[in-house]
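Undergrad: Quick one: structure below, then a few questions.
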Amino acid sequence: MTRWHALNLGDAMLADPELQRLERAFELAYGADHDAGEKALFLRHESEGRLHCEVLVYFTPATRELAREMHARPCAPPAPQGLELVKGDSAAWALFEREESR
């Protein structure tokens, strides 16, 4: 199993500045990378029955260096349902197909 990372940005109403910081860091790290197909950030709003939802950002295995810099925690691959591609190439969606075939 490949290692993903997750970072909880907290309350969705307050997460925008931190999300923008992550997006800028991604662009600085991988913006000119022509082989960035597996480098991506995905986002999901999760509420788990609470009144307010939290924003979770998932870093693909190819972005582990950035994930560590941002203090993201290792996690299992997220389920693709409800995810939104925030940064990276749409080819990164293929990672979920590979995970499902394992």
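First residue of the sequence shown? That's 135 in my numbering, and the numbers climb one at a time after it. Glycine residues also receive a C-beta, built at the ideal position from the N, C-alpha and C atoms.
Do you know whose CA, among PRO208, GLU199, ARG158 and TYR192, lies nearest GLU218's CA?
TA: Residue mapping note: residue 218 aligns to position 84 of the sequence shown, counting from 1. Checked all of PRO208, GLU199, ARG158 and TYR192; the closest Cα to GLU218 is TYR192.
Undergrad: Can you name the start and end residues of the alpha helix (DSSP H) that ASP150 belongs to?
TA: On the sequence shown, residue 150 is found 16 positions in, with the first residue counted as 1. Element bounds for ASP150: 150-164.
Undergrad: Taking the beta carbon of ARG149 as the centre, do at least 16 other beta carbons fall within 10 Å, making it buried, or is it exposed?
TA: In the sequence shown, the residue the question calls residue 149 occupies position 15. The question names Arg, yet the displayed sequence has Ala at residue 149. It counts as buried.
Undergrad: What are the start and end residues of each continuous alpha helix (DSSP H) run of 4 or more residues lying completely inside the segment 168-212, in chain order?
TA: Here the runs fully enclosed are 198-203.
Undergrad: If you reduce the DSSP assignment to three classes, tell me which class LEU238 lands in.
TA: Residue 238 lies beyond the residue range present for the chain, which begins at 135 and ends at 236; the question has no answer from this structure.
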